[in-house]
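Input: a single structure, listed below in structure tokens.
Residue numbers (this note's numbering): 5 to 519.
Pasting the structure below:
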């Protein structure tokens, strides 16, 4: 058997008094975090959740996330993390598609009323039977959402001991939603084995602190697989301390690094840009003396940003490559060997990479070709998508959709991201989903969405639109309309109206020309 919850349980046995989570003034040791996760497992079982049932959690980087994540795993359930920026319509889709039986949702703030959106979606999905409010105030037993039960009230009386359910290595542990490059979001089924081995491999790539006690600044969203594996699961694997940040701010990040003696940081390129463009004074030498590992992912790291980070903090940023479907780490610039600027490195332990053409035929030499991956990191398939699985997985090899070249030493270099996918601030944005929403506007005849360069976000979402006859909708009106129907990182900030769009002879829009 294998249950991913062993990551937390092992820490509770080996380092029960060590801080597992630091959040604001709250410090929770391994024993306490494991006990609360046990209470969550007992709660789920008491509410009828059985092994294999799906438990959704919509929560930023606050202690509730690991409580629910590991509590659900202990109960043998499958965790379905939801992006906290999703609209009610999008949350409803994820609940239906995954078949979630329970939903834990953070109340949120007036600026981000996540609880209201989740509560609305919950009532539209009859199959989802349990709703637990994760209140903004620790220990609150009354919910700000009328009719909802709070986390702390639900845990009242639940035992703090639980024997984790027997699960097999190939059982699904987590379903991470990704759109690929077309269609509606698909749930990548990641197994206990996928996630455990990827956490171990990720951890082993990081240098260890001299006193064998690492402190991870965890600002990458835990609902995203990058943060989940490399910042939460890898930290727990090495009995480290996680300092949680719900929202990135450069000054706050540097203050936490100094205050907590942070040794490991991972972020998307815009976060490193934020660390370089702070407003306040910080003890950079003290921060640099402790920080031994800095990792970047989610988008290509500008060489100038890497150079300035090296100059200011005295540390090189390590780049790697991965996807939601690969748990996520596929390749890395291993600090124990050598790194190549601009490269995504070499395959990690137990993983193979190759280049293939459109027919899945292996491409030799430097390429270019589409990256295909095989190994312990590859998902077992998309949830309820057998036809798609047959297209992207063959003989254990998973087609990533990313085009790369390879040098004589085996280092890979990304040439182009998955065809039309946009990466905005580290978030994957899939044009097809946005186009489908835009096409429901009564004054839109045709829409094509692409990514355009942006100094801060890497790429910005731009829509090229052909209006319906006699339509009068303006750019501002269409952007506002989209904002109500799409998550904050998805809706187009730029709209350009055209009389026609460039197309091939078969009617396919030439997005390359639009870009």
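Even glycine gets a Cβ: it sits at the ideal position worked out from N, Cα and C.
Remember, predicted model here, so these are calculated numbers, not experimental data.
Annotation for residue 190: the continuous beta strand (DSSP E) segment containing it runs 190-195. Between residue 257 and residue 221 the beta-carbon gap is near 6 Å, inside 8 Å, which marks them as a contact.
In this structure, the alpha-carbon of residue 50 lies about 30 Å from that of residue 384. Contact between residue 94 and residue 491 holds: CB atoms are separated by about 6 Å, below the 8 Å threshold.
Residue 356 has its alpha-carbon roughly 16 Å from the corresponding atom of residue 370. In this structure, residue 334 sits away from residue 392, with a CB-CB distance that is not shorter than 8 Å. For the pair residue 96 and residue 128, the CB atoms are nearer than the 8 Å cut-off. Taking C-alpha positions only, residue 259 is separated from residue 18 by approximately 29 Å. Within the DSSP secondary-structure output, residue 180 pairs in a beta bridge with 192.
Shortest Cα-Cα distance from residue 514 to any of 459, 46, 454, 37 involves 454. With respect to the 8 Å criterion, residue 354 and residue 415 are not classified as neighbours on the basis of their beta carbons. In this structure residue 38 touches residue 13 by the C-beta definition: roughly 6 Å separates them, less than 8 Å. Here DSSP, grouped into helix, strand and coil, assigns residue 96 to helix. Look at residue 148 here: in three-state DSSP terms it is coil, with no helix or strand label. It is roughly 26 Å from the alpha-carbon of residue 477 to the alpha-carbon of residue 89. Distance from the CA atom of residue 413 to the CA atom of residue 113, rounded to whole angstroms, is 50 Å.
Take the alpha-carbon of residue 32 and the one of residue 201: they are about 26 Å apart. When the beta-carbon positions are compared, residue 59 and residue 53 come within less than 8 Å of each other. In this structure, the alpha-carbon of residue 275 lies about 7 Å from that of residue 252. DSSP places residue 274 inside the alpha helix (DSSP H), whose first and last residues are 273-280.
For residue 259, no beta strand (DSSP E) run applies; the uninterrupted alpha helix (DSSP H) run containing it begins and ends at 254-264, by DSSP. The C-beta distance from residue 469 to residue 495 rounds to 13 Å, too long to fall under 8 Å, and the pair is not in contact. Rounded to the nearest angstrom, the Cβ distance from residue 104 to residue 72 is 12 Å, too far for a contact under 8 Å. In the three-state reduction of the DSSP assignment, residue 327 falls in the coil class, being assigned neither a helical nor a strand state.
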